[in-house]
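One structure is given here, and the rest of the page talks about it.
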Amino acid sequence: MEISSTFAWKNLTPEPGHFTFGYYDRIPWDAEGRLHLALRILQQEHLPLPGEVADVGYVDRVTCSFTKVGETRAWCHQQGAMTLWLRQRPRTFVYNDFVREGGAWRPIARIHSLDEGEVGRYEVPLYTVSRDGRWGVSLNFGRIPRRGYSYALAPLPRDDPAPDLDGDGLVLVDLATGEVGLIASYRQLIAAHPFPYDLEGAYLWLN
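Numbers given in my numbering equal positions in the sequence shown, counted from 1, plus 849.
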């Protein structure tokens, strides 16, 4: 790709390392337009493997420096760690990670304040946040095929074609209280689709 030299291009990320954000449908900038959420990753040659972590932080547009605030095991090159600013909480953002409980890894979302550090967590990973910052949406990351989209430690076997049609689906998260509830099951989503599905042997996921 040819890059025009007529523009005043500026490299915001320092060397060395690879920097990414993801996803393409969300805003990485803070309210002042100075800080850009980012992940610093060690490689971009293969999907992340169990044990490969990414540094979570932000790039300062003025100083062109990266500030690390934590690490995550819940990341991929395509979607990053779903880092998102929380519009109702100034200078605060969330990112997905895993915690090890009872011998198994479980995905969560950590809440980080630029002024106070980690200030809490949501008990499910977040996929997106409403424009007003009031609600979050979660889904089962373990069902997403690993073609660049899912996480290495996502616990559900991906060769299982049958989800829990009534107990799994889109999950609504109250970002003020952390309360979680299923708002649309797989069965409801399938029933609402305008074209009938043949579910025999089909692998189903939300993305």
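Ideal Cβ positions, reconstructed from N, Cα and C, are used throughout, including at glycine.
Query: Contact set for residue 968: own chain, Cβ-Cβ below 6 Å, skip 5 residues either direction; Result: 960, 962
Query: Nearest residue (CA-CA) to residue 901, options 919, 882, 914, 924; Result: 924
Query: Residue 887, buried or exposed, once every other Cβ within 10 Å from all chains shown has been counted against 16; Result: buried
Query: C-alpha distance - residue 1032 paired with residue 883, whole-angstrom precision; Result: 36 Å
Query: Simplified DSSP state of residue 935, which is helix, strand or coil; Result: coil
Query: Beta-bridge partners of residue 966, as assigned by DSSP; Result: 962
Query: Supposed contact pair residue 973 and residue 1022 - C-beta distance, whole angstroms, cut 8 Å; Result: 6 Å
Query: Euclidean distance between Cα positions of residue 894 and residue 874; Result: 24 Å
Query: Opening and closing residue of the alpha helix (DSSP H) in which residue 1038 lies; Result: 1035-1041
Query: In chain order, each beta strand (DSSP E) run of at least 3 residues that lies wholly inside the stretch 868-913; Result: 884-890, 903-909
Query: Same chain, Cβ closer than 7 Å to residue 988, neighbours up to 5 away in sequence not counted; Result: 976, 1019, 1020, 1055
Query: CB of residue 832 within 7 Å of CB of residue 921, strictly; Result: The requested residue 832 does not occur in the structure, where the chain is confined to residues 850 to 1056.
Query: Supposed contact pair residue 926 and residue 869 - C-beta distance, whole angstroms, cut 8 Å; Result: 6 Å
Query: Run of the beta strand (DSSP E) containing residue 984, from where it starts to where it stops; Result: 984-987
Query: Helix, strand or coil at residue 922 according to DSSP, with G and I counted as helix; Result: coil
Query: Backbone CA spacing between residue 891 and residue 885 [nearest angstrom]; Result: 19 Å
Query: Buried versus exposed, by CB contacts within 10 Å (16 or more), residue 898; Result: exposed
Query: Rounded separation between residue 1013 and residue 912 - CA only; Result: 49 Å
Query: For residue 980, three-class secondary structure by DSSP; Result: coil
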